[in-house]
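Notes for the one structure printed next.
In the numbering used here, the protein residues as written are 30 to 904.
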């Protein structure tokens with residue numbers, strides 16, 4: 030969803046297929062029939078079969094690998110056999126064990142090294158042995174598909190032809206769409222089927238040096254392997270071990286030559302591997318062209334002249350020049366695109382693309398202190414994306430500048446960064462950073478910048494108080510330690526240096542990034558990476574934390590808060606920020622084990638534990654909102670089969686219109702997420718443990734875990750004594766004061782009087798309300814004004830911003846542009862933008878948000894340019 034409208038290196042999901050899938054199935058069936066017929070022919074017509082197989086089929090395959098690798102990847106009978114279990118839905122779809130995956134390419138390479146000399150020993154002349162080898166290898170391919178998901182059990186890992194296909198197929202003459210993987214399940218890193226144009230380059234520049242090492246080693250050994258086969262004589266008198274030693278020597282000479290050239294001539298890995306690929310293909314056809322014409326002559330009885338082989342040799346040499354030039358030209362384009370944030374390219378982190386990459390592109394260079402590490406980025410790319418792509422351990426949250434998870438210090442070049450949005454400015458102020466600090470998720474560089482990942486490295490000025498300190502206020506109690514509560518505590522301390530601040534939280538943990546709790550399902554660092562404020566932050570501000578502590582009652586007359594521990598705290602001012610709970614619809618047998626909501630960190634960690642303890646495979650998510658879809662993505666990262674049930678006709682009705690929702694549906698389906706619309710859970714089926722769910726339509730779906738993501742309800746536990754006026758939440762005025770003097774409310778618990786029960790449940794609103802409640806509690810006069818808030822979906826590969834009124838009225842005008850996988854829409858009223866949907870256009874989100882929040886007026890020429898697809902106004 031995040032790539033440009035016409036991506037330079039389009040993956041198979043971005044290319045319209047020319048051949049329909051049903052026809053590929055027919056062709057693959059024919060391919061399997063030919064394979065079986067070859068085995069039958071080896072038994073009944075061995076001489077002719079050996080000539081056709083070794084003399085015609087095998088010599089032609091490398092040129093297919095070279096020019097049209099996708100054609101073979103679609104038609105290969107081994108791949109067809111490998112995908113049968115998946116096609117007919119009886120594959121176990123397991124992950125390849127980590128150690129086995131790490132040595133998969135070594136296994137494939139070893140099989141190839143065994144097979145080539147074996148041709149001289151037996152396979153070239155013995156059809157029976159050849160037939161048994163073919164039976165064995167197709168059997169391994171089939172069982173690989175039966176055991177492991179996607180193509181990870183053979184085609185993308187252990188196949189001995191894969192190293193050859195990767196080396197020759199890195200710059201295909203034409204792209205033939207992968208028709209096997211529907212949907213793509215992300216089974217293979219830098220997948221050759223997903224994007225053959227960049228998969229090889231991605232391996233060479235990957236942060237894992239083993240991938241590049243494997244590619245370089247095979248490129249070096251390939252010329253030696255071919256020369257050993259074609260040039261070195263063999264007779265049965267030569268011991269087998271000696272033959273393999275000779276082959277090994279030739280291969281080592283090739284590997285050594287590769288290293289010498291790389292060391293002396295300083296060629297990049299891409300140039301050197303491409304050079305050895307060209308050498309290898311020309312060596313092969315120097316000899317194979319003769320074999321090909323001789324074999325055709327034996328079958329046809331026609332005697333080809335000696336110069337016939339030169340026609341193939343010459344053609345291969347000429348194509349080699351073009352192929353080599355194309356491959357080298359591709360490297361520079363790849364380097365300029367390598368850090369694009371879209372996960373759809375499956376190009377993983379490129380830690381080694383630092384100064385080398387900077388020299389080959391005109392893109393900005395980011396220098397990280399201390400250490401002066403240099404990274405190269407695209408102008409449209411955020412600093413957070415760049416740091417993550419290069420393996421830096423930086424926290425990430427909402428990716429919109431609201432949560433405050435990723436501040437970085439700007440040491441030099443702040444003028445080369447994009448303008449701050451109102452959202453980012455508010456977040457930085459909340460964090461106490463007035464200068465020299467930016468949110469990494471918001472920053473885009475236009476030229477060179479120097480940063481420090483420690484924001485505390487920049488000294489900040491003391492805040493000027495917005496309200497005079499009232500020394501009659503001795504104690505402020507805040508119930509709830511979420512973002513509204515912590516923000517309130519922070520602003521209380523900024524404007525009152527002496528009073529006690531008691532921050533009471535029912536959870537066991539200090540403030541964490543609730544917007545990212547779905548990461549607890551698949552992340553390896555548990556809650557550690559989500560904690561936003563260290564203990565030192567609270568100590569520095571003299572904020573007394575009460576963790577894992579529940580409030581029993583509030584006495585507004587005596588101004589006392591009584592805790593469930595039988596302790597009590599006096600207050601002069603009280604701010605309630607108890608937030609909300611997950612809404613659980615009426616579902617029969619909800620108490621069955623395996624039923625969850627996802628509202629707290631404890632929920633996320635419990636789900637992860639349950640998945641492991643019970644070896645879960647199938648997950649149902651009831652709710653296709655933001656949380657439901659983020660959780661769905663999280664479950665796919667731990668290998669679950671995920672089904673999302675959505676009550677409406679399309680996803681994210683509060684954020685998207687139907688057209689954009691259809692694009693999102695297509696992307697999520699490609700991730701392997703099944704979505705069922707107009708569906709609701711009626712009953713949980715299972716004795717003690719969940720086994721299935723029944724929909725209200727009566728349909729049953731197998732499941733090991735049910736997650737309900739059906740919205741929120743205010744946590745009104747403290748209002749049971751009717752001490753405060755309530756509706757769906759605690760009613761507050763525009764100063765966020767409740768019906769009781771000296772008691773304020775903020776965040777999800779606060780319902781503005783006259784808002785008809787609206788509980789927005791959004792982080793930026795909680796921040797703003799926490800700030801205003803704190804200032805007003807100290808005697809300030811700040812008015813809360815509801816305003817549009819940008820929302821986004823935290824799913825890798827999806828860059829979504831939705832804001833304001835995104836479906837216009839009759840008098841409004843709409844500007845819409847839609848491509849195959851991206852969508853942008855503006856709603857304009859009285860020459861002002863009142864709402865937007867941006868799916869795949871992160872470069873516009875910040876400026877459009879400013880236009881909406883600041884109610885900027887568009888000129889007629891602005892609107893005309895936008896209608897003509899010129900959106901430079903927002904860059």
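Ideal placement from N, C-alpha and C gives every residue a C-beta, glycine not left out.
From the DSSP output, in three-state form, read off residue 602 for me.
strand
Looking at the unbroken alpha helix (DSSP H) that takes in residue 569, where does it start and where does it end?
564 to 569
Could you pull the start and end residues of the beta strand (DSSP E) that residue 619 belongs to?
Unbroken run through residue 619: none, as it is neither H nor E.
Excluding the 5 residues preceding and the 5 following residue 757 in the sequence, name in chain order all residues of the same chain whose CB lies nearer than 7 Å to its CB.
743, 780, 786 and 788
Could you tell me which of 344, 323 and 342 sits nearest to residue 334, measuring between CA atoms?
323
Would you report the Cα separation of residue 514 and residue 189, rounded to the nearest angstrom?
59 Å
Give me whichever residues DSSP pairs with residue 402 in a beta bridge.
397
With a cut-off of 8 Å on the beta carbons, I'd call residue 905 and residue 196 a contact; round off their distance for me.
Shown here, the chain extends from 30 to 904; a query on residue 905 therefore has no answer.
Quick check: what's the CA-CA separation for residue 745 versus residue 753?
10 Å
Within the same chain, show all residues whose beta-carbon is closer than 8 Å to that of residue 525, passing over the 5 residues directly before and after it, in chain order.
498, 499, 502, 505 and 807
Going straight from the alpha carbon of residue 731 to that of residue 54, what length do you get?
29 Å
Inter-residue spacing [alpha-carbon to alpha-carbon] between residue 540 and residue 561
6 Å
Pick helix, strand or coil for residue 222, following the three-state DSSP scheme.
coil
Leaving out five residues before and five after residue 97 in sequence, what residues of the same chain have Cβ atoms less than 7 Å from its Cβ?
201, 202, 203 and 205
Alpha-carbon spacing of residue 897 relative to residue 851, whole angstroms
17 Å
Buried or exposed for residue 31, going by 16 or more other Cβ atoms inside 10 Å?
Note that residue 31 scores 36 on pLDDT, short of 50, meaning its location in the model is unreliable; the coordinates nonetheless yield the value given after this. It is buried - the Cβ of residue 31 has at least 16 other Cβ atoms within 10 Å.
Assuming contact is defined by CB atoms lying nearer than 8 Å, are residue 738 and residue 657 in contact in what I supplied?
yes
Is the separation between the beta-carbon of residue 736 and that of residue 719 shorter than 8 Å?
no
When the Cα of residue 337 is compared with those of 888, 351 and 317, which residue comes out closest?
317
Would you call the stretch 608 to 623 and the stretch 709 to 729 in contact, with 3 or more CB pairs under 8 Å?
yes
Residue span of the beta strand (DSSP E) that contains residue 865, given as start and end:
861 to 868
Quick one: what's residue 477 bridged to in DSSP?
Its beta-bridge partners do not exist; DSSP assigns none.
Check whether the stretch 664 to 673 and the stretch 537 to 552 touch, using three or more Cβ-Cβ pairs below 8 Å as the test.
yes
Would you mind giving the Cβ-Cβ distance between residue 765 and residue 798, rounded to the nearest angstrom? I have them listed as a contact below 8 Å.
6 Å
Are the CB atoms of residue 636 and residue 674 nearer to each other than 8 Å?
no
Answer with yes or no whether the minimum CB distance from residue 405 to chain D is below 8 Å.
Here chain D cannot be found, since the structure has a single protein chain.
Whole beta strand (DSSP E) runs in the stretch 830 to 892 with 3 or more residues, listed along the chain?
842 to 847, 852 to 858 and 861 to 868
Of all the options 727, 176, 101 and 159, which has the alpha carbon lying nearest to the alpha carbon of residue 125?
176
Rounded to the nearest angstrom, what separates residue 376 and residue 198 at their Cα positions?
With a pLDDT of 31 at residue 376, under the threshold of 50, the modelled position of that residue is not reliable, and no figure is offered here.
Which residues does DSSP pair with residue 671 in a beta bridge?
648
Quick one: Cα of residue 134 to Cα of residue 269, how far?
25 Å
Going by alpha carbons, who is nearest to residue 439 out of 468, 652, 542 and 784?
468
Taking the beta carbon of residue 597 as the centre, do at least 16 other beta carbons fall within 10 Å, making it buried, or is it exposed?
exposed
Measuring CA to CA, which of 109, 844 and 803 is closest to residue 528?
803
Quick one: using the 10 Å Cβ neighbour count with 16 as the cut-off for buried, is residue 431 buried or exposed?
buried
Straight-line gap, residue 436 to residue 424 (C-alpha atoms, nearest Å)
9 Å
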